[in-house]
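In order, the protein sequence lines correspond to chains C and B.
Taking the working numbering, the leading residue of the first sequence gets 1, the next gets one more, and so forth.
Taking the working numbering, the leading residue of the second sequence gets 208, the next gets one more, and so forth.
Even glycine gets a Cβ: it sits at the ideal position worked out from N, Cα and C.
Protein chains: 2
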Amino acid sequence: MPVPEPVPESAPDRKPRKDATRNRAAALVAADRLFAHCESPESVTMADIAAAAGVGKATLFRAFGDRTGLIHALYAARLEPVARAIDEGPPPLGPGTPPLLRVPALLDAVLCFKLDNRHLALALEGIGGDSPYQAEHYRRWHGTLRAVLERIPGLTGADFTAHALLAAVRADLVEHLAGRQGLPRERMRADLTAFTAKVLSEGAASS
Amino acid sequence: MPVPEPVPESAPDRKPRKDATRNRAAALVAADRLFAHCESPESVTMADIAAAAGVGKATLFRAFGDRTGLIHALYAARLEPVARAIDEGPPPLGPGTPPLLRVPALLDAVLCFKLDNRHLALALEGIGGDSPYQAEHYRRWHGTLRAVLERIPGLTGADFTAHALLAAVRADLVEHLAGRQGLPRERMRADLTAFTAKVLSEGAASS
DNA sequence: ACAAGAAGCGGACCCTCGGTCCGTATCGTA
DNA sequence: TACGATACGGACCGAGGGTCCGCTTCTTGT
Chain C
1 MPVPEPVPES APDRKPRKDA TRNRAAALVA ADRLFAHCES PESVTMADIA
51 AAAGVGKATL FRAFGDRTGL IHALYAARLE PVARAIDEGP PPLGPGTPPL
101 LRVPALLDAV LCFKLDNRHL ALALEGIGGD SPYQAEHYRR WHGTLRAVLE
151 RIPGLTGADF TAHALLAAVR ADLVEHLAGR QGLPRERMRA DLTAFTAKVL
201 SEGAASS
Chain B
208 MPVPEPVPES APDRKPRKDA TRNRAAALVA ADRLFAHCES PESVTMADIA
258 AAAGVGKATL FRAFGDRTGL IHALYAARLE PVARAIDEGP PPLGPGTPPL
308 LRVPALLDAV LCFKLDNRHL ALALEGIGGD SPYQAEHYRR WHGTLRAVLE
358 RIPGLTGADF TAHALLAAVR ADLVEHLAGR QGLPRERMRA DLTAFTAKVL
408 SEGAASS
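This is the structure in structure tokens:
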């Protein structure tokens, strides 16, 4: 039977309806507020978010798939400016920066981002079950950092080094030091920068 | 009224009944097996453990308080030999070791422990809600490592450095590299040792 | 402008899982 | 052996993620 499908080609999804996009945005805003004010990320339930957004629970799941998807979407929205600054911004974050300068800048950017979005980052990394290492965002950070590290002459094991450096800015560690122990922001940034410098110091320790 | 309590002193708990200790042991054995064979730590439920141990669920909770307590007990049992080797064993792990040698030895020990008890460590650190940084075990590792680092002349920021180094052997990172990406054990140990050396190289880089 | 049908809505509902309750069985002891 | 204390265990509960389905709202062809 010649089913007259118009265009079943590679774009099976048409643009969503107006109310759908509006609800999606409302959900993101509500979730953002809830995560920002909550005590711990898991005290924010999907039902809470739905209620705060004035929306049914099913709408959340339709829009984001599951809780993980919602958190990812939130995270991506917050992260976007930082990601742009890294991909196409000016030094010291952007591409045209000497590796020995760019590595500490990248890590400082990650640290500041997590300090500014503590609960959200905590929610993302604290998702039980699948580790944060399978998340798209992590692969991106790691890929970028590794690429920069590989351009440093004399430095070996760039892949593991990138993992280890990123581990130093894990959300729960940041939360523990900055939140629980009250370590001041600038102190933590300084500590991280000093640590990074130590890691990079071997071989090319000139300045 | 002269209540003739024999010894109500600082030990209000008498020794447990025979079946209680037996059941506790059975639970630990069963849980150990389940965690060792499972796909992901949260696929092991308390009901599973109870069934595998041939015991009622309530018995588990009576013996360990909650799921966290059970995992902690398991972890502690596994960790005990390593902890003894660190506290009172021979070099290079034990106390009488020069700091520059002991730090990599400590980290290697942690890494090997997590490689050998991957699922268990993953279960412990992956406990949603409270971060691993509030766990007794972590404070111990961190305290020990920091103390050793502080004895290295010229090294600053021992506290943060200890956190950062321990972050490099987080259970989920180990699982990601060794388990998911198939990185060989010896390769990972070498990478970690090289990274540690870099961190320690500044200032006292003589040998 | 209007009707038809697709897309979306929402809250009642289900399921799993950690944790508790309480009647019953077992242990330790006089 | 008898009696109190302790432990047992499975039915039960509440919370939270995720789904179902009858109803509403948007879009589009004419």
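Spatial neighbours of Glu-332 (chain B) in its own chain (CB-CB distance under 6 Å, excluding positions within 5 residues in sequence) are listed in chain order as Pro-339 and Ala-378. With a threshold of 7 Å between beta carbons, His-176 (chain C) makes contact with chain B. Between the region 151-164 of chain C and the region 174-187 of chain C there are fewer than three C-beta pairs closer than 8 Å, too few to call the two in contact. A direct Cα-Cα distance of roughly 11 Å separates Ala-284 (chain B) from Ala-232 (chain B). Neighbours of Arg-224 (chain B) across chain C, judged by C-beta separation under 9 Å, do not exist; the nearest C-beta is about 35 Å away.
Distances from the alpha-carbon of Leu-28 (chain C) to those of C:Arg-67, C:Glu-150, C:Ala-164 and C:Pro-104 put C:Arg-67 closest. Excluding five sequence positions before and after Ile-71 (chain C), the CB atoms of its chain that fall closer than 6 Å to its own CB belong to Ala-123 and Leu-124, given in chain order. In this structure, Val-82 (chain C) sits away from Phe-35 (chain C), with a CB-CB distance that is not shorter than 7 Å. Rounded to whole angstroms, the separation of the alpha carbons of Thr-59 (chain C) and Pro-184 (chain C) is 40 Å. For His-244 (chain B), there are no C-beta contacts with chain C under 7 Å, since the nearest C-beta of that chain is about 17 Å from it. Per DSSP, Tyr-75 (chain C) is one residue of the alpha helix (DSSP H) stretching across 67-88.
Chain-ordered, the chain B residues with CB closer than 7 Å to the CB of Tyr-133 (chain C) read Asp-379, Leu-380 and His-383. Under the DSSP assignment, Asn-230 (chain B) falls in the alpha helix (DSSP H) whose first and last residues are 225-244.
Residue-level contact check: Ala-31 (chain C) does not touch chain B, since none of the beta carbons of chain B fall below 7 Å from its beta carbon. By the C-beta criterion, the region 106-121 of chain C is judged to be in contact with the region 185-201 of chain C, since at least 3 inter-stretch pairs fall below 8 Å. Scanning its chain for C-beta atoms nearer than 8 Å, with the 5 sequence neighbours on each side dropped, one finds around Phe-268 (chain B) the residues Met-253, in chain order. Using a 10 angstroms sphere on the CB of Ala-375 (chain B), the tally of other CB atoms reaches 16 or more, which defines it as buried. Beyond the five residues adjoining it in sequence on each side, Pro-104 (chain C) comes within less than 6 Å, by CB distance, of Thr-193 and Thr-196 in the same chain, given in chain order.
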